[in-house]
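**Q**
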Amino acid sequence: MDIEPEVSRDIVTRLKRARGQIDGVIKMIEDDRPCADVVTQLAAVSKALDRAGFKVVATGLRQCILEGENAPMTEEQLEKLFLSLA
Numbered sequence: 032m033d034i035e036p037e038v039s040r041d042i043v044t045r046l047k048r049a050r051g052q053i054d055g056v057i058k059m060i061e062d063d064r065p066c067a068d069v070v071t072q073l074a075a076v077s078k079a080l081d082r083a084g085f086k087v088v089a090t091g092l093r094q095c096i097l098e099g100e101n102a103p104m105t106e107e108q109l110e111k112l113f114l115s116l117a
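Residues in the sequence shown are numbered consecutively from 32, following our numbering.
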């Protein structure tokens, strides 16, 4: 999949932010921080990863539909792809 440089930078930025959040969660656990704080940060990590994933899926769909990259996806394939992010 060819991703435009601007979109690629956005996705990489989101993933790096999530990586930083994961490092923070690990440190919180090692420092015996309260469970509620850890769970809050885990939710933020999950949301960051979801947003990066949706950005990749949206870019891929746009390329497949508008630019005709590869064979079109079936409804079942699209559903499976979206459910994998749910």
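C-beta atoms are modelled at their ideal positions from N, C-alpha and C, and glycine is treated no differently.
Whole angstroms are fine: how far does the CA of residue 40 sit from the CA of residue 93?
**A** Roughly 17 angstroms between the two C-alpha positions.
**Q** Leaving out the 5 sequence neighbours to the left and right, which residues in its chain are closer than 6 angstroms to residue 90 when beta-carbon positions are compared?
**A** Result list for residue 90: 34, 38, in chain order.
**Q** In the DSSP assignment, the alpha helix (DSSP H) including residue 50 goes from what residue to what residue?
**A** Element bounds for residue 50: 36–61.
**Q** With a CB to CB cut of under 8 angstroms and the five nearest residues on each side skipped, what residues in its chain are close to residue 60?
**A** The residues are 69.
**Q** So, at 7 angstroms on beta carbons, what are the nonlocal neighbours of residue 75 in its own chain, with the 5 sequence-adjacent residues on each side left out?
**A** Excluding sequence neighbours, residue 75 sits near 52.
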